[in-house]
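The sequence shown begins at 24 in this note's numbering and counts up one residue at a time.
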Amino acid sequence: MTPKRLFYLLLITVSLLFIATISTGYVANSVLSQQAEKLRQLKAESEATQELQSLLQKNKSDIKRYSDLNEIAKAVVPQDKDQALTVREIVKIANDSGITNLTSINFPASTLGGTASGGSQAGGLSQVIPVKGISGVYLLPITVTVDSSNPVSYSQFTTFLQRLEQNRRTAQVSEITITPDPKNPSTIAFVITLNEYIKP
């Protein structure tokens, strides 16, 4: 073999080694890039999973922490519109306030059994109105009347009103109409409209 051929053979070998080194580097770089992308995705999934687990733990602890509050809310807002119980409570409050003769306690007309217009009926409940801004809570208006044939003193009326506002079924008074008795100005007749809130 002549030196010239040896030179060309070594030159071709060095060129092939150089090309092989460059190609190996390129292939290794693309493989490493793919693996790095997979690793980045797995890391992101792992972080998302850890965040989800910590959020789940926090939600579980919140459920435990607020379960008492949920029980209180259930106790404060009645779960049903038990009209008989509401009437008994109003009559008891009236008797405790010295008002022995309520003329009437009226509820809105029921739409059960008739053709309902659909406005106030909510999931089998009639007579109730959905409360705006609070889903699942309904309002049942109640009208309590003491007419001029059984007038009461103003102090009895105010005591009755205070006790109504402290009762969980009749906590909101929305309208009051007071009529003084013309024969005895120290006594009055009244009409009170109460709002009972229900969360079935």
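Just so you know, even glycine gets a beta-carbon here, dropped at the ideal spot from N, CA and C.
- CA-to-CA, the gap between Val-54 and Leu-65 works out to about 16 Å.
- Annotated three-state conformation of Val-167 is strand, per DSSP.
- Taking C-beta separations shorter than 7 Å and ignoring five residues to either side along the sequence, the partners of Ile-199 in its chain run Phe-213 and Ile-215, following chain order.
- In this chain, the alpha helix (DSSP H) harbouring Ala-117 covers 106-119.
- By the neighbour-count definition (other C-beta atoms within 10 Å, threshold 16), Leu-34 is an exposed residue.
- Cα atoms of Leu-62 and Phe-30: separation of roughly 47 Å, rounded to the nearest angstrom.
- DSSP, read as helix, strand or coil, puts Ile-122 in coil.
- Assignment of Phe-213 by DSSP, reduced to helix, strand and coil, places it in the strand class.
- Under the three-state reduction of DSSP, Thr-36 is assigned to helix.
- Thr-182 is a Cβ neighbour of Ser-120, given a cutoff of 7 Å.
- Rounded to the nearest whole angstrom, the CA to CA distance from Lys-83 to Glu-219 is 33 Å.
- In the DSSP secondary-structure assignment, Thr-202 is bridged to Ala-212.
- For Leu-78 and Pro-223, the gap between their C-alpha atoms comes out near 29 Å.
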